[in-house]
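**Q**
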Amino acid sequence: MGSAPSDGAADRPLAVFKILVAGGFGAGKTTFVGAVSEVRPLRTEEALTSASVGLDDLNGVDAKTTTTVAMDFGRITIASHLMLYLFGTPGQERFWFMWDELAYGALGAVVLADTRRLGDCFPSVDYFEKRQLPFIVAINCFDGAPHYDPADVRIALDLDPHTPAVLCDARQPSSAKLILITLIEHILASRPAGTSGPWPAPATTPA
Amino acid sequence: MGADDKWAYRDSGPVVRPYALTGGRTEPTGGEILDLIAVIVASGQPAGADDPIDLSPEQRKILSLSRRPITVADAASDTALPLGVVRVLVADLVLQGRLTIRPRRPVGEQPSTDLLQEVLHGLRAL
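Structure, rendered in structure tokens:
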């Protein structure tokens, strides 16, 4: 199909994909989602389940049984039948219980790394590795932050050899877009070689 | 009530408790938690069927939005209601036969390479 106009798209069923944007607090998740997608307001009023009790510091708020969480949420319309949805993962410990729900059926994830606090993205990396969800590490180049070679960051994060680690500027739409392209390419590349996999062979010429 | 309610005090919460709209229920009837990007669409009801008196304004809004297929997250965003509330309301509408959840590919099954190539081309063209 290539760059041909997607005529007849109206006849095609809506296909939606979920991509998670993870990383430590202040790593640029909100900025990234805002740079590359149409940001949509979304909040959730989560009941404090027994899962979060113990994680959540409930001292002095004994009567509180729900908690409001504003979510980073953005939509990219590829075509009228094709939408990408970006969801930022909540950074605070007490919202860990939301991760499984967010990751359910997700296509892949972007882990934003801040080189000043690289350790903050360990939990995200661990999570996606355990879940075997394809992800890439995007090293957000903050002004004034020490500049590291992606290869060093890979070592510091002990990434699998095939997991991409690339530099980005989460404020720049073109840079953020490139991150998503890298993720989709990574997902395609991690598929079993040949046509023996469960997926149909591509009918179009790969780029 | 704006979408970004300011809390007067840290523990006070919104003025109207969100789950008042669901009769206090925080989990959808039937127990199945809808995925954020589950696609919902209004069932083919006869014209005018979107204002039956037994529906709340919020449910009517959701029905009206889902004349075209939309995701649960979009429905929550467009109604400015918390996601959990929308899930409960959607589950009720599904039970009443007013909404249908579009079947989606099983979690273990990957989207076709074709479709991903299409996403890739689309992203590059943005």
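These protein sequences, in sequence, are chains A and B.
The numbering used here puts the first residue of the first sequence at 1, with every later residue one more than the last.
The numbering used here puts the first residue of the second sequence at 1001, with every later residue one more than the last.
Ideal Cβ placement from N, Cα and C applies to all residues, glycine included.
Figure out for me which residue from A:163, A:110 and A:181 has the closest Cα to the Cα of residue 27 of chain A.
**A** The residue you call residue 27 of chain A lines up with position 27 of the first sequence. The candidate whose alpha carbon is nearest that of residue 27 of chain A is A:110.
**Q** Rounding to the nearest angstrom, what Cα-Cα distance links residue 100 of chain A and residue 1074 of chain B in this structure?
**A** Taking the first sequence and counting its residues from 1, one reaches residue 100 of chain A at position 100. Taking the second sequence and counting its residues from 1, one reaches residue 1074 of chain B at position 74. Answer to the nearest angstrom: the Cα atoms are 20 Å apart.
**Q** Identify whether residue 58 of chain A lies in helix, strand or coil by the three-state DSSP scheme.
**A** Locating residue 58 of chain A in the first sequence gives position 58, where the first residue counts as 1. For residue 58 of chain A, the pLDDT reaches just 48, beneath the cut-off of 50, and the residue's location in the model is therefore unreliable, although a value from the coordinates is still provided. Residue 58 of chain A: coil per DSSP, three-state reduction.
**Q** Nearest by alpha-carbon distance to residue 1021 of chain B: which of B:1078, B:1090, B:1108 and B:1041 is it?
**A** For this step, residue 1021 of chain B is matched to residue 21 along the second sequence. The candidate whose alpha carbon is nearest that of residue 1021 of chain B is B:1090.
**Q** Could you tell me the distance, in whole angstroms, from the CA atom of residue 163 of chain A to the CA atom of residue 132 of chain A?
**A** For the purposes of this step, residue 163 of chain A is taken as the residue at position 163 of the first sequence. For the purposes of this step, residue 132 of chain A is taken as the residue at position 132 of the first sequence. Taking the straight line joining both Cα atoms gives about 11 Å.
**Q** Note down, one range per segment and in chain order, each alpha helix (DSSP H) of at least 4 residues found wholly within the stretch 66–110 of chain A.
**A** With a minimum length of 4 residues, the continuous alpha helix (DSSP H) runs that stay inside the stretch 66–110 of chain A are 97–103.
**Q** For the putative contact between residue 171 of chain A and residue 35 of chain A, defined by C-beta atoms under 8 Å, what is the C-beta separation to the nearest angstrom?
**A** Residue numbering aside, residue 171 of chain A sits at position 171 when the first sequence is read from its first letter. Residue numbering aside, residue 35 of chain A sits at position 35 when the first sequence is read from its first letter. About 6 Å separates the two Cβ atoms, so the contact holds.
**Q** So what does DSSP say about residue 1026 of chain B, is it helix, strand or coil?
**A** Along the second sequence, read from residue 1 onward, the residue named residue 1026 of chain B stands at position 26. Coil.
**Q** Is residue 41 of chain A close to chain B? Criterion is C-beta to C-beta, closer than 9 Å.
**A** Taking the first residue of the first sequence as position 1, residue 41 of chain A is located at position 41. Yes, its Cβ sits closer than 9 Å to a Cβ of chain B.
**Q** Just by C-beta distance, which residues in the stretch 1074–1099 of chain B are closer than 9 Å to chain A?
**A** For the stretch 1074–1099 of chain B, which is checked against every Cβ of chain A, the residues closer than 9 Å are 1074, 1076, 1077, 1078, 1080, 1081, 1082, 1083, 1084 and 1085.
**Q** Going by the DSSP bridge assignment, what does residue 15 of chain A pair with across the sheet?
**A** Along the first sequence, one-based indexing puts residue 15 of chain A at 15. In DSSP, residue 15 of chain A forms a bridge with A:82.
**Q** Counting only C-beta atoms, is residue 32 of chain A closer than 9 Å to chain B at any point?
**A** Here the question's residue 32 of chain A lines up with position 32 in the first sequence. It does not: the Cβ of residue 32 of chain A has no partner Cβ on chain B nearer than 9 Å.
**Q** Is residue 38 of chain A helix, strand or coil when you go by DSSP?
**A** As a working mapping, residue 38 of chain A is identified with position 38 in the first sequence. Reduced to three states, the DSSP call for residue 38 of chain A is strand.
**Q** Counting only the same chain and skipping the five closest in sequence on each side, list residues whose C-beta sits under 7 Å from that of residue 203 of chain A.
**A** Taking the first residue of the first sequence as 1, we reach residue 203 of chain A at position 203. Confidence is the limiting factor: at residue 203 of chain A the pLDDT is only 36, short of 50, which leaves the residue's position unreliable, though a coordinate-based value still follows. Taken in chain order, the list of residues that qualify is empty.
**Q** Give a yes or no on whether the C-beta atoms belonging to residue 29 of chain A and residue 102 of chain A are separated by under 9 Å.
**A** Along the first sequence, read from residue 1 onward, the residue named residue 29 of chain A stands at position 29. Along the first sequence, read from residue 1 onward, the residue named residue 102 of chain A stands at position 102. Not closer than 9 Å, so no.
**Q** Tell me, to the nearest whole angstrom, how far the beta carbon of residue 32 of chain A is from that of residue 69 of chain A; I am working on the premise that it is less than 8 Å.
**A** Translated into positions along the first sequence, residue 32 of chain A becomes position 32. Translated into positions along the first sequence, residue 69 of chain A becomes position 69. So it is not a contact: roughly 18 Å between Cβ atoms.
**Q** Any C-beta of chain B within less than 9 Å: which residues of the stretch 9–30 of chain A qualify?
**A** Listed by position along the chain: 13, 14, 15, 16, 17 and 18.
**Q** Secondary structure at residue 1033 of chain B, three-state DSSP: helix, strand or coil?
**A** The sequence position of residue 1033 of chain B within the second sequence is 33, counting from 1. DSSP places residue 1033 of chain B in coil when its eight states are reduced to three.
**Q** Considering residue 1099 of chain B, what are the terminal residues of the beta strand (DSSP E) in which it resides?
**A** Taking the second sequence and counting its residues from 1, the one referred to as residue 1099 of chain B is at position 99. Residues 1099–1101.
**Q** What does a CB cutoff of less than 7 Å around residue 1098 of chain B pick up in its chain, not counting 5 residues either side in sequence?
**A** As a working note, residue 1098 of chain B is residue 98 in the second sequence. Same-chain partners within the cutoff: 1042, 1043, 1045 and 1063.
**Q** Could you compute how far the alpha carbon of residue 137 of chain A sits from the alpha carbon of residue 88 of chain A?
**A** Within the first sequence, numbered from 1, the residue matching residue 137 of chain A stands at position 137. Within the first sequence, numbered from 1, the residue matching residue 88 of chain A stands at position 88. Distance between the alpha carbons of residue 137 of chain A and residue 88 of chain A: 14 Å.
**Q** How about residue 1027 of chain B and residue 1085 of chain B: do their beta carbons lie closer than 9 Å?
**A** Looking up residue 1027 of chain B in the second sequence gives position 27. Looking up residue 1085 of chain B in the second sequence gives position 85. No, the pair does not count as a contact, with Cβ atoms beyond the cut-off.
**Q** Pull up the distance between the alpha-carbon of residue 123 of chain A and that of residue 1023 of chain B, whole angstroms please.
**A** By one-based count along the first sequence, residue 123 of chain A stands at place 123. By one-based count along the second sequence, residue 1023 of chain B stands at place 23. Looking at the two C-alpha atoms, the distance is approximately 37 Å.
**Q** Could you check whether the Cβ of residue 136 of chain A sits closer than 9 Å to any Cβ belonging to chain B?
**A** Position 136 of the first sequence, counted from the first residue, corresponds to residue 136 of chain A. Judged by the 9 Å Cβ criterion, residue 136 of chain A is not in contact with chain B.
**Q** Kindly say whether residue 188 of chain A, judged by its beta-carbon, lies nearer than 9 Å to any beta-carbon of chain B.
**A** What you label residue 188 of chain A is simply residue 188 of the first sequence in a count that begins at 1. By this cut-off, residue 188 of chain A is an interface position.
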